[in-house]
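Mapping of the sequence shown onto my numbering: residues 141 to 233, in sequence order.
Below is one structure, written out as structure tokens; comments come after it.
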Amino acid sequence: MEFPLQPIQSDPNVIHFAFAMGIALIKYARVKISLEHFLFGNVLGIADTDLLTSYCISVVTLLSLVALQRPLLLALFEASPIFFQSETAACGS
Numbered sequence: 141m142e143f144p145l146q147p148i149q150s151d152p153n154v155i156h157f158a159f160a161m162g163i164a165l166i167k168y169a170r171v172k173i174s175l176e177h178f179l180f181g182n183v184l185g186i187a188d189t190d191l192l193t194s195y196c197i198s199v200v201t202l203l204s205l206v207a208l209q210r211p212l213l214l215a216l217f218e219a220s221p222i223f224f225q226s227e228t229a230a231c232g233s
């Protein structure tokens with residue numbers, strides 16, 4: 141039995157429904173800042189600590205990607221021996 145590899149496709153209806161539910165639930169959230177500023181990109185709704193947190197997470201992520209660049213490339217683009225063993229076993233060789 142052969143299983144062809146196909147990319148995962150997301151359903152746009154699910155994404156739109158989740159976004160619409162988030163907007164509908166905004167009026168029930170009890171926060172000091174309007175959540176519409178975060179959803180639609182108002183820079184005045186972001187505090188300095190939010191910017192600092194975002195900056196720190198970005199720096200840590202970039203440094204870890206640079207440090208793990210070679211192992212990540214090998215893991216992503218190296219041909220998996222398990223995949224080829226299962227293919228040859230399925231062919232009867």
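Just so it is clear, CB atoms sit at the ideal spot from N, CA and C, and this is done for glycine as well.
Got a sec, what are the start and stop residues for the alpha helix (DSSP H) residue i sits in?
{"i": "Val-183", "result": "Careful: Val-183 lies outside any alpha helix (DSSP H) and carries neither H nor E."}
{"i": "Asp-190", "result": "188–207"}
{"i": "Ile-155", "result": "152–165"}
Look up residue i in the DSSP assignment and say whether it is helix, strand or coil.
{"i": "Arg-170", "result": "coil"}
Beta carbon of residue i, beta carbon of residue j: below 9 Å?
{"i": "Leu-212", "j": "Leu-202", "result": "no"}
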